[in-house]
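Chains as they are written, first to last, in my numbering: chain A, 1 to 444; chain B, 1 to 126.
For each residue, glycine too, the CB sits at the ideal point set by N, CA and C.
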Amino acid sequence: MKTPELSNGLNRKTPLYDLQKAMGARMIQFSGWEMPVSYDDIISEHMAVRTHAGLFDVSHMGEILIDGKHALDDLQRLMTNDLSKLTDYRIMYSPMCYENGGVVDDVLIYRFAADKYLIVVNAGNVTNDVEWIEQNLNSRTHAENISDDYIQFSLQGPSSGDIMRKIAGCEWERLENMKYLSFAECNIEGMDVLISRTGYTGGDGFELYMDISKAKISDTAQKLWNIILDNGAEFGIKPAGLGARDTLRLEAALPLYGHELSPEITPFEAGLERFVKLDKVGGFIGRDALIKQNTEGVLRKIAGFKMVGRGVPRNGYEVVATEADVEAAGGVADAAVDVAAEREISTICKMSAGAAAGASVASEVAAGETAASAEDNRDLGFKTYGYVTSGSYLPFIKANMGLALIDAKLSKPGSKIYVKIRNSLVEAEIISTPFIKKDYRKGV
Amino acid sequence: MEVLKELLYSKDHEWVKIDSGKAWIGITDFAQEELGSIVYVEGPKVGDNLSAGDELGVVESVKAASDIYSPVSGRVIEVNAVLEEKPELINEDPYGSWIAVLNIDNDISIGDLMNADEYEKYCDSL
Chain A
1 MKTPELSNGL
11 NRKTPLYDLQ
21 KAMGARMIQF
31 SGWEMPVSYD
41 DIISEHMAVR
51 THAGLFDVSH
61 MGEILIDGKH
71 ALDDLQRLMT
81 NDLSKLTDYR
91 IMYSPMCYEN
101 GGVVDDVLIY
111 RFAADKYLIV
121 VNAGNVTNDV
131 EWIEQNLNSR
141 THAENISDDY
151 IQFSLQGPSS
161 GDIMRKIAGC
171 EWERLENMKY
181 LSFAECNIEG
191 MDVLISRTGY
201 TGGDGFELYM
211 DISKAKISDT
221 AQKLWNIILD
231 NGAEFGIKPA
241 GLGARDTLRL
251 EAALPLYGHE
261 LSPEITPFEA
271 GLERFVKLDK
281 VGGFIGRDAL
291 IKQNTEGVLR
301 KIAGFKMVGR
311 GVPRNGYEVV
321 ATEADVEAAG
331 GVADAAVDVA
341 AEREISTICK
351 MSAGAAAGAS
361 VASEVAAGET
371 AASAEDNRDL
381 GFKTYGYVTS
391 GSYLPFIKAN
401 MGLALIDAKL
411 SKPGSKIYVK
421 IRNSLVEAEI
431 ISTPFIKKDY
441 RKGV
Chain B
1 MEVLKELLYS
11 KDHEWVKIDS
21 GKAWIGITDF
31 AQEELGSIVY
41 VEGPKVGDNL
51 SAGDELGVVE
61 SVKAASDIYS
71 PVSGRVIEVN
81 AVLEEKPELI
91 NEDPYGSWIA
101 VLNIDNDISI
111 GDLMNADEYE
121 KYCDSL
């Protein structure tokens, strides 16, 4: 068998690289960085985050500081969400669009004050985002790329609060009731750390930011990392890599830029309507294109699906169906839940391994018999209706599931589709998202 | 990294046990360690005639799908159905988790396969 590609040693490294290698981490290339994909194995790290706590080094992410009298106006023009709703020390999630409605990046905006914001951006987009933002700022608004000065850790899981309480000392009073999407500037064992109640797992957690350019010599990334791991040991904390980060966010059906969002995919196609305020005073870049799309309706949508037959869906795999399936989906649509609705839809999806295996073997035999080549597919009326944007075995749910960008006609829960895995068409079913019940801290 | 003395090994990290005209095939400890948690195994079909180097099946970890190749030529007589329900057995016990059994010719050429020492040295060189 072919072994997976190993990193080539030419990428950027976070301050924790040596420590991670010493811990036995398996490294991978991600967006120009050498990052741990796992320390132990993806499944145990994923389960630790769902049942106890996990600690991620996400220092590859970018941070851009924006300040000036016109900062809010400038950011309002860049972001689709309405930042006027932000108050000091609160955070908002927003896509940032091009004129045609395609997405530049999806970001978090941390408001310090009316004239000072921190934008947290995806690792692969830092250079692009800085350029885009600078092009679209008032001349007196100042943007500074501080990504290289900042490390970022993510502490996630039901025990993350217990661990933060131990570490934060007297600061815990301020953090204890901090609700999701809030932040505070704290001091942990003499180190200045910005702590937000945010995360990318669909559960409770904290993200910690530290400026290591200004830190005292003794205040290093390693020190903060070890403080968290040492104090978290009694609660079952595990260091976790990008492998688990991806399976966790996929269980929560959170979008990943480059997969569910891109310059070719709009926030409406991605199901992010609640973060797009078309009526926002002053408008925003991309609004006209999005108004048009909203009026006409999207032609394709990101939809969640679970495998019915045996097989693991992955990014890029084609989604096919017969015209009969599409017609049947149209009928299902009237009765199904509207996944574009603003309210949170929670689905707890558990499939016992035994039941799934039994059903899936039979389905795969049936599917295998119907599909062999592209010509056969066309003869049987199979057409391509989209592709898988993200797919995986999901460890907590214990099922193979994913997200796909597909023809809107097929995107309602209950629709039958087939995922082309190597040479077979394997049956799958559209289901509502998220795949697990999200568990954010609502606050007091 | 574990290597069993009585087995033969391919450059693609498959192991093969040859006994009484049959060959049991699986993937090595090196391979399962590189792959990480295995979540899916697809073997060949009983009755398939394979030449050495032909695709034997697929092993998938959380992150990636990896093709496996038959180190020997022969006809598939048995496929390990337990691995369909419990693919993680390959991680736990790679040499005890055979993927397929082939009926092989008696004059089978095993020239391209390595013994345990050679395979160990080969892995160290990677």
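Going by DSSP, what residue range makes up the alpha helix (DSSP H) through histidine 46(A)? Its alpha helix (DSSP H) spans residues 42 to 51.
At a Cβ threshold of 8 angstroms, is lysine 17(B) touching chain A? Closer than 8 angstroms to the CB of lysine 17(B) there is not a single CB belonging to chain A.
Using beta carbons (cut-off 8 angstroms, strictly below), is threonine 247(A) in contact with chain B? Any Cβ of chain B closer than 8 angstroms to the Cβ of threonine 247(A) would place that residue at the interface, and such an atom is present.
Rounded to whole angstroms, how far is the Cβ of cysteine 206(A) from the Cβ of tyrosine 89(A), which I believe are closer than 8 angstroms? Per the sequence shown, residue 206(A) should be read as phenylalanine rather than cysteine. Actually they are not in contact, since the Cβ atoms of phenylalanine 206(A) and tyrosine 89(A) sit about 14 angstroms apart, beyond 8 angstroms.
Any beta-carbon of chain A closer than 8 angstroms to the one on valine 79(B)? Nearest CB-CB separation between valine 79(B) and chain A: not below the 8 angstroms threshold.
Quick check on methionine 61(A): does DSSP put it in helix, strand or coil? Methionine 61(A): coil per DSSP, three-state reduction.
Classify asparagine 80(B) as buried or exposed, calling it buried when 16 or more other Cβ atoms lie within 10 Å of its own Cβ. Residue environment analysis places asparagine 80(B) among the buried positions, since at least 16 neighbouring C-beta atoms fall within 10 angstroms of its C-beta.
Residue range of the unbroken beta strand (DSSP E) whose run includes glycine 161(A): It is not in any beta strand (DSSP E) - glycine 161(A) instead sits in the alpha helix (DSSP H) that spans 160 to 168.
Determine the burial state of glutamine 135(A): buried for a count of at least 16 other Cβ atoms within 10 Å of its Cβ, exposed for fewer. Note on glutamine 135(A): under 16 other CB atoms within 10 angstroms of its CB, so exposed under the neighbour-count rule.
Would you mind sorting asparagine 103(B) into buried or exposed? The rule is 16 or more other CB atoms within 10 Å of its CB. The C-beta of asparagine 103(B) has fewer than 16 other C-beta atoms within 10 Å across all chains shown, which makes the residue exposed.
Using 8 angstroms as the limit for Cβ to Cβ distance, is serine 38(A) near chain B? Under the Cβ criterion of 8 angstroms, serine 38(A) is counted among the residues facing chain B.
Is any non-hydrogen atom of the ligand NAP found closer than 7 angstroms to the C-beta of proline 239(A), if you look at the structure I gave you? Judged by which ligands are present, the structure shown has none, so any question about the ligand NAP falls away.
Beta-carbon proximity check, glycine 311(A) vs valine 388(A), cutoff 8 angstroms: In this structure, valine 388(A) does not lie closer than 8 angstroms to glycine 311(A) by Cβ.
For the candidate residues Asn177(A), Thr433(A), Gly157(A) and Asn187(A), whose alpha-carbon lies nearest to that of glutamate 171(A)? The closest CA to that of glutamate 171(A), considering only Asn177(A), Thr433(A), Gly157(A) and Asn187(A), is found on Asn187(A).
Does the beta-carbon of arginine 422(A) have 16 or more other beta-carbons within 10 angstroms, so that it is buried, or is it exposed? Under this definition arginine 422(A) is an exposed residue.
Please report the distance separating the alpha-carbon of glycine 102(A) from that of cysteine 123(B). A direct Cα-Cα distance of roughly 46 angstroms separates glycine 102(A) from cysteine 123(B).
Can you find the residues in the same chain that come closer than 8 angstroms, C-beta to C-beta, to methionine 114(B), ignoring five residues on each side of it along the sequence? The beta carbon of methionine 114(B) lies closer than 8 angstroms to those of Leu8, Tyr9, Ser10, Lys11 and Tyr122 in the same chain, with the five residues before and after it left out.
Is it buried or exposed, glutamate 173(A), if we count other Cβ atoms within 10 angstroms and call 16 or more buried? Exposed, by the Cβ-count rule.
Consider the Cβ of arginine 314(A): report whether some Cβ of chain B lies at a distance smaller than 8 angstroms. Arginine 314(A) counts as touching chain B.
Strictly below 9 angstroms CB to CB, what residues from chain B border isoleucine 42(A)? For isoleucine 42(A), the neighbours in chain B by C-beta distance under 9 angstroms run, in chain order, Gly36, Ser37, Ser61, Val62 and Lys63.
Going by other Cβ atoms of all chains shown within 10 Å of its Cβ, with 16 needed for buried, is lysine 238(A) buried or exposed? Its Cβ being crowded by 16 or more others within 10 Å, lysine 238(A) is buried.
Taking any Cβ of chain B, which residues in the segment 377 to 411 of chain A have a Cβ under 7 angstroms from it, in chain order? Residues Ser392 and Tyr393.
Answer yes or no: do glycine 386(A) and arginine 314(A) have a C-beta to C-beta separation smaller than 8 angstroms? For glycine 386(A) and arginine 314(A), no; Cβs fall outside 8 angstroms.
Where do the ends of the beta strand (DSSP E) carrying alanine 22(A) lie? Alanine 22(A) -> not in any beta strand (DSSP E); alpha helix (DSSP H) instead, spanning 17 to 22.
Run down chain A in chain order and give the residues with a C-beta less than 7 angstroms from the C-beta of tyrosine 119(B). Tyrosine 119(B) does not reach chain A, its nearest Cβ partner there being about 14 angstroms away, counting only Cβ pairs nearer than 7 angstroms.
Assuming glutamate 14(B) contacts tyrosine 69(B) (C-beta within less than 8 angstroms), just tell me the rounded distance between them. Going by Cβ atoms, the distance from glutamate 14(B) to tyrosine 69(B) rounds to 6 angstroms, so yes, they are a contact pair.
Arginine 197(A) by DSSP, collapsed to three states: which one? DSSP places arginine 197(A) in coil when its eight states are reduced to three.
Where valine 58(B) and histidine 70(A) are concerned, what is the direct C-alpha to C-alpha distance, given to the nearest angstrom? About 57 angstroms.
Establish whether the CB of tyrosine 40(B) and some CB of chain A are separated by less than 8 angstroms. Tyrosine 40(B) counts as touching chain A.
Is glycine 243(A) close to chain B, meaning its C-beta is less than 8 angstroms from at least one C-beta of that chain? It does; some Cβ of chain B falls within 8 angstroms.
Straight-line CA distance for histidine 46(A) to glycine 111(B)? Approximately 43 angstroms, taken between the alpha carbons.
Could you work out which residue in Met164(A), Thr127(A), Lys116(A) and Ile151(A) is closest to threonine 141(A) when comparing CA atoms only? Relative to threonine 141(A), the option among Met164(A), Thr127(A), Lys116(A) and Ile151(A) whose CA is nearest is Lys116(A).
Alpha-carbon spacing of isoleucine 265(A) relative to arginine 287(A), whole angstroms: Each residue's alpha carbon lies about 14 angstroms from the other.
By the DSSP assignment, the alpha helix (DSSP H) with threonine 295(A) in it spans what residues? That run of the alpha helix (DSSP H) goes 287 to 296.
Mind checking which residues open and close the beta strand (DSSP E) that includes tryptophan 225(A)? Tryptophan 225(A): not part of any beta strand (DSSP E); member of the alpha helix (DSSP H) spanning 221 to 232, first to last residue.
Buried or exposed, going by whether 16 or more other CB atoms sit within 10 Å of the CB of glutamate 260(A)? With 16 or more Cβ atoms within 10 Å of its Cβ, glutamate 260(A) is classed as buried.
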